[in-house]
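Residue numbers (the working numbering): 139 to 382.
Quick reminder that beta carbons are idealized off the backbone N, C-alpha and C, glycines included.
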Ligand code: SF4
Ligand code: SF4
Ligand code: SF4
């Protein structure tokens with residue numbers, strides 16, 4: 139439980155810093171930078187997400203994402219399990235269209251003229267004007283309202299433009315058989331089907347069902363460790379070994 143408290147503390151700190159960090163997670167600013175031939179903070183952050191997800195999976199989602207923190211606050215209002223299925227693919231469509239737009243804008247701009255990590259920020263701070271406050275509250279509503287209406291981390295499941303980078307990183311890891319952080323199932327025969335792991339999962343994964351097949355395979359797993367910490371039989375643990 140101590141680990142989950144530390145995780146939640148990190149998420150709250152990240153959420154409090156969201157007015158500072160907002161423009162480093164902005165898909166719109168990447169397009170703006172691409173039109174002007176500039177590689178900006180969001181571009182660098184998203185590139186790091188892709189690269190770091192190869193060894194560390196979606197640990198950003200469980201410890202550092204301000205949008206994740208905001209949605210976990212919404213658990214107090216609605217902690218229902220959202221419907222899974224085709225809606226989980228909406229984020230890939232959004233991401234694909236956006237990647238094409240970014241690529242076209244960079245090609246059209248002709249050349250990269252600058253790398254500016256603090257692009258469009260005021261001394262590195264994102265929310266520093268009335269206009270940026272309006273954008274900030276718009277984004278907060280975009281993330282919060284679906285979670286309040288439809289359940290746990292709906293924005294992550296359906297709409298997030300950052301998740302596909304990390305899912306892609308984990309796919310690259312699997313294809314190349316590289317080692318990386320994952321949830322390991324030990325002695326599945328000791329499982330008593332109490333479903334505590336599934337109940338604890340902030341991403342609403344059927345962990346107990348996956349324990350039966352001996353692997354946590356879901357692309358939605360963000361390696362938060364809640365299932366590990368809530369299993370009375372200590373069947374789950376972190377692993378780093380190369381996948382087979
Ligand atoms: S899926 Fe997106 S919004 Fe959710 S925690 Fe991960 S990066 Fe943040
Ligand atoms: S399966 Fe476990 S580690 Fe993965 S998101 Fe769910 S609780 Fe967290
Ligand atoms: S919490 Fe542990 S014992 Fe209970 S269903 Fe999950 S893996 Fe099995």
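Residue environment, residue i, which counts as buried when at least 16 other CB atoms sit within 10 Å
i	result
residue 363	buried
residue 241	exposed
residue 269	exposed
residue 214	exposed
residue 361	buried
residue 368	buried
residue 174	exposed
residue 320	buried
residue 220	buried
residue 323	buried
residue 348	buried
residue 346	buried
residue 315	exposed
residue 332	exposed
residue 162	buried
residue 143	exposed
Under the three-state DSSP convention, the category residue i falls into
i	result
residue 295	helix
residue 210	helix
residue 246	helix
residue 373	coil
residue 278	helix
residue 343	coil
residue 189	helix
residue 178	strand
residue 379	coil
residue 197	helix
residue 260	strand
residue 265	coil
residue 253	strand
residue 323	strand
residue 152	helix
residue 355	coil
residue 202	coil
residue 223	coil
residue 368	helix
residue 348	helix
residue 335	helix
For residue j and residue i, believed in contact at Cβ under 8 Å, the rounded distance
i	j	result
residue 329	residue 341	About 20 Å separates the two Cβ atoms, so there is no contact after all.
residue 356	residue 366	Wrong, their Cβ atoms sit about 15 Å apart, outside the cutoff.
residue 209	residue 293	6 Å
residue 206	residue 200	7 Å
residue 193	residue 377	At roughly 12 Å, the Cβ-Cβ gap does not stay under 8 Å, so residue 193 and residue 377 are not in contact.
residue 169	residue 279	Actually they are not in contact, since the Cβ atoms of residue 169 and residue 279 sit about 21 Å apart, beyond 8 Å.
residue 297	residue 238	That belief does not hold up - the Cβ atoms of residue 297 and residue 238 are roughly 18 Å apart, past 8 Å.
Among the options, nearest to residue i - alpha-carbon criterion
i	options	result
residue 327	353, 158, 307, 316	353
residue 160	347, 204, 373, 380	204
residue 222	379, 152, 290, 332	290
residue 325	372, 311, 296	372
residue 336	307, 370, 312	370
residue 267	140, 157, 256	157
residue 309	256, 154, 190	190
residue 164	244, 299, 147	299
residue 217	196, 288, 262, 380	288
residue 257	145, 235, 154, 171	171
residue 182	277, 252, 344	252
residue 212	285, 152, 307, 301	285
residue 230	295, 271, 351	295
Any C-beta of chain D under 8 Å from that of residue i
i	result
residue 256	In the structure shown, chain D does not exist; there is a single protein chain.
Subject >> Residues near ligand 1, criterion Cβ-heavy atom distance below 5 Å >> reply: 199, 203, 205, 206, 294, 298, 300, 301
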